[in-house]
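Asks:
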Ligand SMILES: C[S@@+](CC[C@H](N)C(=O)[O-])C[C@H]1O[C@@H](n2cnc3c(N)ncnc32)[C@H](O)[C@@H]1O
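Residue numbers (full-length UniProt numbering), protein chains in the order written: chain S, 1 to 121; chain X, 1 to 287.
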């Protein structure tokens, strides 16, 4: 079973995302911010990370920058999943090492196809 | 709701497009037409039928038909089929057309244009390979509304990220206040035109490749056969037809037969015969 880490400060969003990912047969865990997510990755590196942009403690972009600099941190596919929907944000995310970008709101099928594009569904 | 009004609406759709509104899809009439009802201040199908009978031009009839059509589409729909196109089919077409350096493609039933743009991006993504080639994509749909949207080419956030990877989105689209717009370079490869598949496609050159995907589903057997006839007439004798995932020509027409080892692809009957022969000769020569 592939492991996915959902990083989002909204409980509702985590719940919705978890629902979709479990239906795609992922083993899902959650983190509320970038720091928690880094700690989780330290414990065990997931195959996929669904990442929000704006979070307290550590933002998504700071997280991915730190993750990619780490040993083994280039392993997981990282998909930004966020309401930051302008080109500048999208470019910044890709430059920081994100594999895909999903603008919120999205539906089940959109996310599923994006995950197929990064070879994860 | 009286069944008579529904029947009249279903007949209208059949007359204009060949699409059948099967009983299982009838319940959708009300919701499909709700936008039109709002625009025209109507409450139900009966009122629409009365209004239709009073109209002298066919504007309302066309709008009704447009509203009933299923325009569902997205970029790189059934991605593996586009990979196959790129890896196995385009190289063969390129070889066939090496002298003219021109490829003619028809996206028949193109809806709001995503299928044609997908094709255009495939060429644009390999500038070295297609340098000096003219890529001509004709994209047609019976729906005026769909063609208008395709020409306007502004995609909502929902549409732009359906099927399209973020890399290609950034590379080929620009964000405007009215939505995401494809670059000139890929738009210029495509001509959009309103056209009914059941009518002949009048054109000087024949198509090397025709995509007709998720369109023939709702035709009855006879209409579908007619559509296949129209498609084969418009194609080069050694051309290729790509249907939607899960669609087939087998059992519906004699005009096409499945391409060898390439699921979803079909060839005009004669071309297929010739290829078989050639492969047979090659085989004999190899022995
Ligand atoms: C479900 S969409 C498929 C779009 C695209 N080919 C795809 O696979 O994503 C079907 C399209 O076929 C069009 N259509 C239906 N009947 C047609 C006809 N007789 N001639 C041309 N287009 C037709 C509809 O208007 C609609 O836009």
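Glycine residues also receive a C-beta, built at the ideal position from the N, C-alpha and C atoms.
Report back the beta-carbon spacing between residue 28(S) and residue 22(S) to the nearest angstrom; my notes put them in contact at under 8 Å.
Replies: 6 Å
Asks: Could you have a look at residue 190(X) and say whether DSSP puts it in helix, strand or coil?
Replies: strand
Asks: Examine the Cβ distances between the segment 110-127 of chain X and the segment 64-83 of chain X and report whether three or more of them are shorter than 8 Å.
Replies: yes
Asks: For residue 191(X), tell me which candidate among 224(X), 176(X) and 153(X) has the shortest Cα-Cα distance.
Replies: Residue nearest to residue 191(X) within the set 224(X), 176(X) and 153(X) is 153(X) (criterion: CA-CA distance).
Asks: If we ignore side chains and look at the alpha-carbon of each, how far apart do residue 71(X) and residue 93(X) end up?
Replies: 29 Å
Asks: Determine the direct distance from the alpha carbon of residue 57(X) to that of residue 318(X), and round the result to whole angstroms.
Replies: There is no way to answer for residue 318(X), as the model of chain X reaches only from 1 to 287.
Asks: Of all the CB atoms in chain X, is at least one closer than 9 Å to the CB of residue 103(S)?
Replies: yes
Asks: In whole angstroms, what is the alpha-carbon distance linking residue 65(X) and residue 108(X)?
Replies: 18 Å
Asks: If contact means a Cβ-Cβ distance below 7 Å, which residues of the segment 37-63 of chain X contact chain S?
Replies: none
Asks: Check residue 218(X) in the structure and name its three-state DSSP category.
Replies: helix
Asks: If we define contact as Cβ-Cβ less than 9 Å, is residue 167(X) a contact residue for chain S?
Replies: yes
Asks: Within this structure, are the beta carbons of residue 243(X) and residue 267(X) separated by less than 9 Å?
Replies: no
Asks: With a threshold of 9 Å between beta-carbons, can residue 13(S) be considered close to chain X, or not?
Replies: Taking Cβ atoms only, chain X never reaches closer than 9 Å to residue 13(S), which makes this a no.
Asks: Under the DSSP definition of a beta bridge, which residues are partnered with residue 240(X)?
Replies: 209(X)
Asks: Along the segment 208-240 of chain X, where does the CB come closer than 7 Å to a CB of chain S? Name the residues.
Replies: Residues of the segment 208-240 of chain X with a C-beta less than 7 Å from any C-beta of chain S: none at all.
Asks: Which chain X residues are close to residue 110(S), counting only those with a beta carbon under 7 Å from its beta carbon?
Replies: 161 and 162
Asks: Going by CA-CA distance only, name the one from 27(X), 145(X), 88(X) and 134(X) that's closest to residue 61(X).
Replies: 145(X)
Asks: What residues from chain X crowd round residue 91(S), counting only those whose CB sits closer than 9 Å?
Replies: 170
Asks: Using a Cβ-Cβ cut-off of less than 8 Å, list which residues of the segment 139-163 of chain X approach chain S; keep chain order.
Replies: 157, 158, 161, 162 and 163
Asks: I want to know whether the segment 98-114 of chain S touches the segment 154-169 of chain X - three or more CB-CB distances under 8 Å.
Replies: yes
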